[in-house]
């Protein structure tokens with residue numbers, strides 16, 4: 159699965175990732191910091207997760223806590239909140255919506 163597809167995936171159907179085409183087109187060139195600045199928390203977290211960047215994931219958690227007033231303590235808390243735990247390996251197709 160390509161990085162940009164994972165970042166903007168909104169769901170799965172079997173072995174197919176369902177990707178938000180509009181968001182991908184508009185925001186796929188943004189950096190982690192730019193995604194955080196725009197409040198695109200899910201996309202920012204997915205970017206850091208795909209890159210396996212613990213530092214990036216922590217940055218998203220901290221930014222989210224600051225902006226929302228939440229008190230997430232760990233990366234795992236953010237994973238649970240978003241329902242995103244890993245990049246799925248079994249995905250073989252992508253459908254852009």
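In the working numbering, the protein residues as written are 159 to 255. Ideal Cβ placement from N, Cα and C applies to all residues, glycine included.
Check	Outcome
Terminal residues of the beta strand (DSSP E) in which residue 176 lies	174-177
Test item: CB-CB of residue 165 and residue 230 under 9 Å	no
Residues sharing a beta bridge with residue 171, DSSP	174
Nonlocal neighbours in the same chain, by C-beta distance under 6 Å from residue 193, ignoring five residues either side	201 and 202
Residue environment, residue 219, which counts as buried when at least 16 other CB atoms sit within 10 Å	buried
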